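When you line the sequence shown up against my numbering, it's residues 27 to 922, in that order.
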Amino acid sequence: MNTVVSKTGFSGEMANAAAWLTPAMEADWHWDLDGGAILWEDDTTVVMAEELALICERYHHEPPPPLSAIVSALAMLKGCRGPSIPPGPEKAPPHWPADLLKTPAAKHALLDLMFHQLEDPLPASGDTIAQLIRINWRPGVEDRLQRQNTRYTSRERIRVAISRVSPEQLRLRLETGVEGIVQAAPDLPKPEGYSPQTLMSALAQDPETAGLSLLTRDIMAALTLPQVMSLKEERATSGVSDLSNRGPIHRLLLSELAHDDDMLATRLALGEALYLQPEPPAHRPPGTQLLVLDSGLRLWGAARIFALSAALALRLKAKAGTSNEVWRAKGVYWEKVDLDSVEGVKNQLKVLETSYDLTGALANLPDYLPDHPDRAQDLVIVIHDATLHDPAFRKELATHLDACCPLHIVAVDAEGRLALHQYSRQGIKLLHQARLKLEKLLSLDQGNNRAGTRLRAMRSWPAVFGPAQLPFLLAPASPIVAALTLRHDSHQTTFGLTQSREIWYMRNFLTGARPMPIEPLRGKVLEFCMRQEPEKDLVAASWDQERAQVQAVVIPSPSGDEPPSFKSLVLEGVDSHPRACWVDGDCLVVLTSRTLRAVHLSSGAELPSLDLPPHLHHLGERHFYSGNAEPYTVHHCLVQGNSISLPAFGTTKVTRPVLAFHRKGQLGMWSVGVNGVIISPSGNHHMEGLSFPHRLSAAKASADGKKVWMRTQQGSCFTRDLETGQLSSNAADQGQWLFFVEKTAFAQFSMRTRFEAVGLTPGGEVALRTSRGRTAIVTLSNTWFRLEHKADAVVQDWRTFGEPEPTGHFCTVRIAEWPGGSRAFLDDRGILHLQASNPALAEVSIGLPANMMLPAWSSDGLLVGPAATMDCGRPVTGHAQAIERHIRRFVTETLT
Numbered sequence: 027m028n029t030v031v032s033k034t035g036f037s038g039e040m041a042n043a044a045a046w047l048t049p050a051m052e053a054d055w056h057w058d059l060d061g062g063a064i065l066w067e068d069d070t071t072v073v074m075a076e077e078l079a080l081i082c083e084r085y086h087h088e089p090p091p092p093l094s095a096i097v098s099a100l101a102m103l104k105g106c107r108g109p110s111i112p113p114g115p116e117k118a119p120p121h122w123p124a125d126l127l128k129t130p131a132a133k134h135a136l137l138d139l140m141f142h143q144l145e146d147p148l149p150a151s152g153d154t155i156a157q158l159i160r161i162n163w164r165p166g167v168e169d170r171l172q173r174q175n176t177r178y179t180s181r182e183r184i185r186v187a188i189s190r191v192s193p194e195q196l197r198l199r200l201e202t203g204v205e206g207i208v209q210a211a212p213d214l215p216k217p218e219g220y221s222p223q224t225l226m227s228a229l230a231q232d233p234e235t236a237g238l239s240l241l242t243r244d245i246m247a248a249l250t251l252p253q254v255m256s257l258k259e260e261r262a263t264s265g266v267s268d269l270s271n272r273g274p275i276h277r278l279l280l281s282e283l284a285h286d287d288d289m290l291a292t293r294l295a296l297g298e299a300l301y302l303q304p305e306p307p308a309h310r311p312p313g314t315q316l317l318v319l320d321s322g323l324r325l326w327g328a329a330r331i332f333a334l335s336a337a338l339a340l341r342l343k344a345k346a347g348t349s350n351e352v353w354r355a356k357g358v359y360w361e362k363v364d365l366d367s368v369e370g371v372k373n374q375l376k377v378l379e380t381s382y383d384l385t386g387a388l389a390n391l392p393d394y395l396p397d398h399p400d401r402a403q404d405l406v407i408v409i410h411d412a413t414l415h416d417p418a419f420r421k422e423l424a425t426h427l428d429a430c431c432p433l434h435i436v437a438v439d440a441e442g443r444l445a446l447h448q449y450s451r452q453g454i455k456l457l458h459q460a461r462l463k464l465e466k467l468l469s470l471d472q473g474n475n476r477a478g479t480r481l482r483a484m485r486s487w488p489a490v491f492g493p494a495q496l497p498f499l500l501a502p503a504s505p506i507v508a509a510l511t512l513r514h515d516s517h518q519t520t521f522g523l524t525q526s527r528e529i530w531y532m533r534n535f536l537t538g539a540r541p542m543p544i545e546p547l548r549g550k551v552l553e554f555c556m557r558q559e560p561e562k563d564l565v566a567a568s569w570d571q572e573r574a575q576v577q578a579v580v581i582p583s584p585s586g587d588e589p590p591s592f593k594s595l596v597l598e599g600v601d602s603h604p605r606a607c608w609v610d611g612d613c614l615v616v617l618t619s620r621t622l623r624a625v626h627l628s629s630g631a632e633l634p635s636l637d638l639p640p641h642l643h644h645l646g647e648r649h650f651y652s653g654n655a656e657p658y659t660v661h662h663c664l665v666q667g668n669s670i671s672l673p674a675f676g677t678t679k680v681t682r683p684v685l686a687f688h689r690k691g692q693l694g695m696w697s698v699g700v701n702g703v704i705i706s707p708s709g710n711h712h713m714e715g716l717s718f719p720h721r722l723s724a725a726k727a728s729a730d731g732k733k734v735w736m737r738t739q740q741g742s743c744f745t746r747d748l749e750t751g752q753l754s755s756n757a758a759d760q761g762q763w764l765f766f767v768e769k770t771a772f773a774q775f776s777m778r779t780r781f782e783a784v785g786l787t788p789g790g791e792v793a794l795r796t797s798r799g800r801t802a803i804v805t806l807s808n809t810w811f812r813l814e815h816k817a818d819a820v821v822q823d824w825r826t827f828g829e830p831e832p833t834g835h836f837c838t839v840r841i842a843e844w845p846g847g848s849r850a851f852l853d854d855r856g857i858l859h860l861q862a863s864n865p866a867l868a869e870v871s872i873g874l875p876a877n878m879m880l881p882a883w884s885s886d887g888l889l890v891g892p893a894a895t896m897d898c899g900r901p902v903t904g905h906a907q908a909i910e911r912h913i914r915r916f917v918t919e920t921l922t
């Protein structure tokens, strides 16, 4: 691989990456002063640095196209103008939908389609280039002089490359990963979305077919068809593939017979004799299963249910890829039956044929069977037991189906007796027989029947999800990164933002909290602040890159003890990373690459956007500056009515400013220069800057304005304390200062969620097993529930929790289920829910806080818990014994 010698100190592939990022002196694009974006010659932002890094990362170890080609193509698509791209209809780029190129993934896919054969003469991997961008290395003048002879990509070639890619082609690539439309296969053996599990679940959830699904499950466990071999497999035409020391005597190697009798017997006894190993059969092609159902008078009533359950069991147990056909007799003819949907099953139950049985239609059955001589076929006839013993049926069977494919007969009767027979020329052979319980079908609505109630339990979430809010308080499972307190009506409510972007609230610093009933914020959090005017409320905002939108949540100050309400807003079309976000009165203002956008927090209406003039540069939050030398003019973003303006605010004497901010309780604006000098609003107080050659590339201020965090172009980080003037080095990136508030106490306990299994003890208690194998028992001790670790506890019937499942109640649960239908749910908020198969038993939900008593609630309204988990702030006792009885009934019901 070719390499360059760079004066930056890089070598090898890093030097190639530096050369890739460096524009030539005659290039029509350049990096901006902060190195945060690439600008066209008309000062239009073409691509942000972070976005370019994300595009390069998608190439991984492959080299991306030359940067000049990437920038020129994106500039054409954005409609940039200049000497290199003159205006005019003959030079206009093709029209692309605005919503198609929002994400780095879309831009990478477009560049891959356009330049998949264009390579840079000095290749560097995409990961290396992205790494160099993120350490904030930017080319200097000497680097640009060194790149004078860089490879040039003509504008006409780029225009032709763009014209060869259509928006429909790119959209198809993003949605499917392929460039051509994939056609569906004809004559699919199963309908779209079909699976045995899906059908059984749908049957169990329908009250009309719930009993049928139970019978089907029992028959699936008892009924198995012998494997049917195809014609090729029966002939065994394969050859020999190997030698081994085991095998049938007829495959003994002929040379073994050259030994005398004693030697041959010894070799056979010691396993030293050699046998020929046949070639393994080729991949078994999927066979065909043919089900023939009787709907005559003999199968009216309960026998119809048993016959259909047997047919469903055989249908669901068929191997993957097997072609299934189901037929029923209609007079002397046949018609197809749909057993792949609930409606088809119900239709089969409703069909009433007036013929005695299917004997009269057997003569026409061979005409309806498919002809696949090379595929294994199996014919199964489901009839009444009396029909099987009818001489007329046996005569017709021998006459018309004697030479047909292998035949099995399933016979049922109204008493629930089921038998599987194999029919051949030698006669009828009994293979399996079973007795089905009619009680499962006839007592589904009785409360003491566990089978039917199991179906109802499968369709319901824990009862505690029903009330508007949880009966007891919890603690966020994810750490709190920001917290704010709203004071109202002599009360106060503290809201916290977790690391997983959930919003929680609490009323008392000594108690737990509750989650807001809203979906977590998506993407990067932009704002989390309290608004005083015109309303007193909380505003949170985030940028969702995938949806290209800014989501905002407004939570008004609650009234009294009522739970807080909320309102959600969305600002669409934010396809580039917002550079800043703030609240101005009744508006949320978002700064994209070169555009100011605002939305009313009360009405949700969007204001007309404002494009930044080319000479204006962003400082921090709502501040901007203009000018090329001291004094720099500072502008302030102002939202009045339905318009956005940028009036001049003042001047500053620092070197080119990188940040302007306000300090809490002070008037005027502080400024931070590119050399690290910090000057007060009056100008008579300043803090010394950083020693040469340290120059700042970014700076942030805390919300109270007491500290300033600075990052240099070399990647070093510093923090300046404005109270003491102390400068601290090696400071981490204070990204949380974008929405940082003073540390607030929030929920003085934590919840336990890392359990992998639940079990039951003979004494009627519930046990939990941690990921480290430790056993904890939920016990009642002195009117309080506790979670006690007992290494010698006797636990029966451990059940492992499954994968997290969404509930639609702003949480996920992991489910453990017992054969009888009882279930345990482990909430991701740290709650264990116990749901018995019998709905007459009350459900119990138990909170799992660490190192304290456990709160518990039952669906009949009983509540117990320590003070930290109660709204009143006092311990609640008195119902512990009753809730313990509910738990014991659950354990007894599940174990018996």
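We put the beta carbon where it would ideally sit given N, CA and C, even for glycine. Note that this is a predicted model, so its numbers are computed, not measured.
Quiz prompt | C-alpha distance - G904 paired with F521, whole-angstrom precision | solution = On the sequence shown, position 878 is the one that residue 904 refers to. On the sequence shown, position 495 is the one that residue 521 refers to. About 32 angstroms.
Quiz prompt | Other residues of its chain near E234: CB distance less than 8 angstroms, five sequence neighbours each side excluded | solution = Stepping through the sequence shown from its first residue, residue 234 is reached at position 208. Only K372 meet the Cβ criterion.
Quiz item: Is it true that the CB of H426 sits closer than 8 angstroms to the CB of H447?
Solution: Within the sequence shown, numbered from 1, the residue matching residue 447 stands at position 421. Within the sequence shown, numbered from 1, the residue matching residue 426 stands at position 400. No; because the gap between Cβ atoms is not below 8 angstroms, this pair is not in contact.
Practice problem: Taking A336 as the reference, give the member of P304, L378, P582 and L444 with the closest Cα. | Solution: Sequence index remark: in the sequence shown, residue 336 carries index 310 (1-based). Of the candidates P304, L378, P582 and L444, the one whose C-alpha sits nearest the C-alpha of A336 is L444.
Quiz prompt | CB of L423 within 8 angstroms of CB of L456, strictly | solution = Here residue 423 is taken as the residue at index 397 of the sequence shown, counted from 1. Here residue 456 is taken as the residue at index 430 of the sequence shown, counted from 1. No Cβ-Cβ contact shorter than 8 angstroms links L423 with L456.
Quiz item: Taking buried to mean at least 16 other C-beta atoms within 10 Å of its own C-beta, is N946 buried or exposed?
Solution: Only positions 27 to 922 of the chain appear in this structure, which leaves residue 946 out of reach.
Practice problem: Quick one: grab the DSSP three-state call for K593. | Solution: To locate residue 593, count along the sequence shown from 1; it is residue 567. In the structure shown, K593 sits in a strand (DSSP, three-state: E or B).
Self-check item: Buried versus exposed, by CB contacts within 10 Å (16 or more), V924
Solution: Any answer about residue 924 is impossible in this case: the structure gives the chain only from 27 up to 922.
Quiz item: L65 to V72, Cα distance in whole Å?
Solution: Here residue 65 corresponds to residue number 39 of the sequence shown, with the count starting at 1. Here residue 72 corresponds to residue number 46 of the sequence shown, with the count starting at 1. Their backbone Cα atoms lie some 6 angstroms apart in a straight line.
Quiz item: Buried or exposed: N42, going by 16 or more other Cβ atoms within 10 Å of its Cβ?
Solution: If you number the sequence shown from 1, residue 42 lands on position 16. It is buried - the Cβ of N42 has at least 16 other Cβ atoms within 10 Å.
Quiz item: Touching or not, the stretch 600-612 and the stretch 632-641, by the rule of three or more beta carbon pairs under 8 angstroms?
Solution: no
Quiz item: How should Q315 be labelled, buried or exposed, when 16 other C-beta atoms within 10 angstroms of its C-beta is the threshold for buried?
Solution: Position 289 of the sequence shown, counting from 1, holds the residue named residue 315. It is buried - the Cβ of Q315 has at least 16 other Cβ atoms within 10 Å.
Exercise. Apply the 10 Å Cβ neighbour rule to S37 and answer buried if 16 or more other Cβ atoms are within range, or exposed otherwise.
Key: Position 11 of the sequence shown, counted from the start, is the residue given in the question as residue 37. Looking at its Cβ environment, which holds fewer than 16 other Cβ atoms inside 10 Å, S37 is exposed.
Quiz prompt | Classification of K562 by the beta-carbon crowding that lies within 10 angstroms, buried from 16 upward | solution = Locating residue 562 in the sequence shown gives position 536, counting from the first residue. Exposed, because fewer than 16 other Cβ atoms sit within 10 Å of the Cβ of K562.
Quiz prompt | Buried or exposed by the 16-neighbour rule on C-beta atoms within 10 Å, applied to F781 | solution = Here residue 781 is taken as the residue at index 755 of the sequence shown, counted from 1. By the 10 Å Cβ count, F781 comes out buried.
Quiz item: Between the stretch 841-855 and the stretch 807-821, are three or more C-beta pairs nearer than 8 angstroms?
Solution: no
Exercise. Starting from P130, trace the alpha helix (DSSP H) both ways and give me its first and last residue.
Key: Within the sequence shown, numbered from 1, the residue matching residue 130 stands at position 104. From DSSP, the alpha helix (DSSP H) with P130 extends over P130 to M140.
Exercise. Could you say which of Q740, V734 and D393 lies nearest to R746 if we only look at CA atoms?
Key: Position 720 of the sequence shown holds residue 746. Of the residues Q740, V734 and D393, the one whose Cα lies closest to the Cα of R746 is V734.
Quiz item: How should H87 be labelled, buried or exposed, when 16 other C-beta atoms within 10 angstroms of its C-beta is the threshold for buried?
Solution: As a working note, residue 87 is residue 61 in the sequence shown. Per the 10 Å Cβ criterion, exposed.
Quiz item: Ends of the alpha helix (DSSP H) at R533?
Solution: In the sequence shown, the residue the question calls residue 533 occupies position 507. Neither: R533 is in no alpha helix (DSSP H) and is coded neither H nor E.
Quiz item: What are the boundary residues of the alpha helix (DSSP H) that includes L375?
Solution: Position 349 of the sequence shown holds residue 375. V368 to K376 is the span of the alpha helix (DSSP H), which, as asked, contains L375.
Quiz item: T519: which of G599, H458 and S591 sits nearest, CA to CA?
Solution: Here residue 519 refers to the residue found at position 493 of the sequence shown. Each of G599, H458 and S591 was checked against the Cα of T519, and the nearest Cα belongs to S591.
Exercise. Could you check which residue in A686, L685 and T659 has the C-alpha nearest to that of T677?
Key: As a first step, residue 677 must be located in the sequence shown, where it is residue number 651. Nearest option by C-alpha distance: T659.
Practice problem: Could you give the DSSP three-state label for T677: helix, strand or coil? | Solution: Residue numbering aside, residue 677 sits at position 651 when the sequence shown is read from its first letter. Reduced to three states, the DSSP call for T677 is strand.
Quiz item: Which residues does DSSP pair with T250 in a beta bridge?
Solution: To locate residue 250, count along the sequence shown from 1; it is residue 224. Residue pairing from DSSP leaves T250 without any beta-bridge partner.
Self-check item: Classification of D288 by the beta-carbon crowding that lies within 10 angstroms, buried from 16 upward
Solution: As a working note, residue 288 is residue 262 in the sequence shown. Classification for D288: exposed.
Quiz item: Contact between the stretch 242-249 and the stretch 262-276: three or more CB pairs below 8 angstroms?
Solution: At 8 angstroms Cβ cutoff, the stretches do not touch.
Quiz item: Helix, strand or coil: which one does DSSP assign to Y301?
Solution: Your numbering for residue 301 matches position 275 in the sequence shown. In this structure, Y301 counts as strand in the three-state DSSP scheme.
Quiz item: DSSP on P215, reduced to helix/strand/coil?
Solution: As a position in the sequence shown, residue 215 is number 189, starting the count at 1. Note that P215 has pLDDT 49, beneath the 50 cutoff, so the model's placement of it is unreliable and the number below is only indicative. In the three-state DSSP reduction, P215 falls in the coil class, being neither helix nor strand.
Quiz item: If you run the structure through DSSP and keep just helix, strand and coil, what is E76?
Solution: Taking the first residue of the sequence shown as position 1, residue 76 is located at position 50. Residue state, collapsed to three classes: helix.
Quiz prompt | Proximity of V917 and L786 at Cβ, strictly below 8 angstroms | solution = Taking the sequence shown and counting its residues from 1, the one referred to as residue 917 is at position 891. Taking the sequence shown and counting its residues from 1, the one referred to as residue 786 is at position 760. Cβ distance < 8 angstroms, so V917 and L786 count as in contact.
Exercise. Output the residue ranges of the beta strand (DSSP E) runs that lie fully inside the stretch 398-464 and measure 3 residues or longer, sorted by chain position.
Key: 403-410, 433-438, 443-450 and 453-461
Self-check item: Three-state secondary structure assigned by DSSP to N271
Solution: In the sequence shown, counting from the first residue as 1, residue 271 sits at position 245. Note: N271 maps to coil in three-state DSSP.
Practice problem: On a CA-only basis, which of I331, W326, A344 and D897 is nearest S381? Give me that one, please. | Solution: Residue numbering aside, residue 381 sits at position 355 when the sequence shown is read from its first letter. It is W326 whose Cα lies nearest to the Cα of S381.
Quiz item: Is there contact between the stretch 878-891 and the stretch 521-537, where contact requires at least three CB pairs shorter than 8 angstroms?
Solution: no
Exercise. State yes or no: is the C-beta of D610 within less than 8 angstroms of the C-beta of V665?
Key: Residue mapping note: residue 610 aligns to position 584 of the sequence shown, counting from 1. Residue mapping note: residue 665 aligns to position 639 of the sequence shown, counting from 1. Against a cut-off of 8 angstroms, the Cβ pair of V665 and D610 comes out as a contact.
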